[in-house]
Amino acid sequence: MIGWICFILIVSATICGIVTGNTEAVSEAILSTPADTVTLILKIGGSICLFSGLMRVAEASGLVGRISRFLSRPVERLIPKSRKNTELLNSVTMNLASNFLGLGNAATPYGIKAAKGMAQGEISRSLAAFLILNTCSLQLIPSTICALRQSNGSKNAMDILPAVWIVQFLSCTAGILLTRIFFRREK
Amino acid sequence: MSGILPILFIFVFGYALIRNAPVFSCFCDGVKDGMRVCLQIFPTLLLMLVSVAMFRSSGAMDLLISVLTPVCQWCSVPPQILPLALVRPLSGGGALSICEDLLATYGADSTIGRMASVLSASTETTFYTLGVYLPRAKQNGTGKFLACAVACDIITFLLTVLIVNVFDFG
């Protein structure tokens, strides 16, 4: 997929460059961007590492598990299948709590386990609700984006947080409503 | 908002120390994980940033934006962020590159910069996530679910534009 996107970008850039006589600028872009990419990784890499470390501490101290227990009530309502299935409930809440704290790597194994536990031939309302919560990102501190803003000279890189939280909340609500409309209620 | 980070650090470290968790070794493990993430995203970032830079410098980006402008104008969506919205569900690294390009070109604190940041922060790589979680076996209802997920991405995009406008001018 990514290969095709890049190919289309490069081909249209080349054609456009030849037509408008801009080929020099295009070659210049090819030569100068790799260095910019290295600078970018160095700039935001530190933040990625720092947050990854912080959140690993949160995971080891049992904080993630605590948040996950706190989530169990609302999750039982959103995902009916987890009501009488403690194991499933546990993997769903751990997945959501890990995502919430930005522990993508920790979230994936729980998510796969949860999805497996809910998959039975047809996508159920429970599985759809779970997947939509995973495709709408729910993240307390989007650290990579904040680092990117910082490195581009933002005065206050964190000031987007209220807007981010509102958008995340509304889009998750919309997603859940969509799955309620499209997928039949379970017994 | 600026106080949230120090408080988060105190809270996480304090809680871990009270609970007797191995704070320092866990932190180091996490940092190593972070380095692995950087190495993982680098190839995508490199290829995408080069392609986007070519696309922009050739004038193709301006052409695309001028084509999109009339479509976007009536709902006050800046056409500049449409490429980001299109790539976001497909590729995380690709979206990061486009977001970086937007922030560098228009400024992180501009309306476009804010929209790009909020959009990147509140959406996921939808198709990647589905590829990981949906079991390989053909399941009935995959198409239906895909429609839901894409509709949800579109709603998120419109919400982003709306909320950022409200925050900037309200």
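Chains as they are written, first to last, in my numbering: chain A, 1397 to 1583; chain B, -13 to 156.
A virtual CB, placed ideally from N, CA and C, is assigned to each residue, including glycine.
Because the structure is a prediction, the values reported are computed rather than measured.
{"Check": "ARG1452 of chain A versus A:ARG1581, A:CYS1568 and A:ASN1495, residue with shortest Cα-Cα distance", "Outcome": "A:ASN1495"}
{"Check": "GLY1449 of chain A, buried or exposed, once every other Cβ within 10 Å from all chains shown has been counted against 16", "Outcome": "buried"}
{"Check": "Identified DSSP bridge partners for GLN1516 of chain A", "Outcome": "A:GLU1518"}
{"Check": "Contact list for the region 1477 to 1493 of chain A against chain B, Cβ threshold 8 Å", "Outcome": "none"}
{"Check": "CB of VAL1563 of chain A within 8 Å of CB of VAL104 of chain B, strictly", "Outcome": "yes"}
{"Check": "VAL1422 of chain A and MET21 of chain B closer than 8 Å at C-beta", "Outcome": "no"}
{"Check": "Residues near VAL1488 of chain A by beta carbon distance below 7 Å, same chain, minus five either side", "Outcome": "VAL1471, ILE1475, SER1478, ALA1510 and PHE1526"}
{"Check": "Reference THR1416 of chain A, options B:LEU49, B:ARG74, B:ALA102 and B:PHE10, closest by Cα", "Outcome": "B:LEU49"}
{"Check": "Burial state of LEU1438 of chain A (16 or more Cβ within 10 Å)", "Outcome": "exposed"}
{"Check": "Selection from A:LYS1551, A:ILE1528 and A:SER1550 that minimises the alpha carbon distance to CYS138 of chain B", "Outcome": "A:ILE1528"}
{"Check": "Interface partners of SER74 of chain B on chain A, CB under 9 Å", "Outcome": "The sequence shown places Arg at residue 74 of chain B, not Ser. Here the premise fails: no neighbours, minimum Cβ distance about 10 Å."}
{"Check": "Where ASN126 of chain B sits in the DSSP three-state scheme", "Outcome": "strand"}
{"Check": "Chain-ordered neighbours of ILE(-7) of chain B on chain A, where CB pairs are closer than 7 Å", "Outcome": "Those within 7 Å of ILE(-7) of chain B in chain A number zero; the least Cβ separation is about 11 Å."}
{"Check": "Contacts that ASN126 of chain B makes with chain A (C-beta to C-beta distance below 8 Å)", "Outcome": "GLY1517, GLU1518 and ILE1519"}
{"Check": "As assigned by DSSP and simplified to three states, the class of ASP1432 of chain A", "Outcome": "helix"}
{"Check": "Nearest-angstrom Cα separation, counted from VAL36 of chain B out to PRO69 of chain B", "Outcome": "15 Å"}
{"Check": "First through last residue of the alpha helix (DSSP H) which encompasses LEU1566 of chain A", "Outcome": "1557 to 1578"}
{"Check": "8 Å Cβ cutoff, LEU1474 of chain A in contact with chain B", "Outcome": "no"}
{"Check": "Distance, LEU1523 of chain A Cα to ARG1581 of chain A Cα", "Outcome": "12 Å"}
{"Check": "C-beta neighbour in chain A for LEU68 of chain B, strict 8 Å", "Outcome": "no"}
{"Check": "Local conformation of PRO64 of chain B per DSSP, three classes", "Outcome": "coil"}
{"Check": "Neighbour list for LYS1509 of chain A in chain B, Cβ cutoff strictly below 8 Å", "Outcome": "Under the 8 Å cutoff, chain B gives no residues; its nearest Cβ is about 10 Å from LYS1509 of chain A."}
{"Check": "Same chain, Cβ closer than 7 Å to LEU31 of chain B, neighbours up to 5 away in sequence not counted", "Outcome": "GLY79, LEU82 and SER83"}
{"Check": "Alpha-carbon to alpha-carbon, ALA1431 of chain A and GLU86 of chain B", "Outcome": "14 Å"}
{"Check": "Within-8 Å CB hit, THR1435 of chain A to chain B", "Outcome": "no"}
{"Check": "Proximity test, Cβ basis, 8 Å: CYS157 of chain B and chain A", "Outcome": "Shown here, chain B extends from -13 to 156; a query on residue 157 of chain B therefore has no answer."}
{"Check": "Below-8 Å beta-carbon distance, ILE149 of chain B vs any chain A residue", "Outcome": "yes"}
{"Check": "Neighbour flag for GLU1424 of chain A against chain B, beta carbons, 8 Å", "Outcome": "yes"}
{"Check": "Among B:VAL63, B:PHE143, B:VAL150 and B:LEU88, nearest to ASP1555 of chain A - alpha-carbon criterion", "Outcome": "B:VAL150"}
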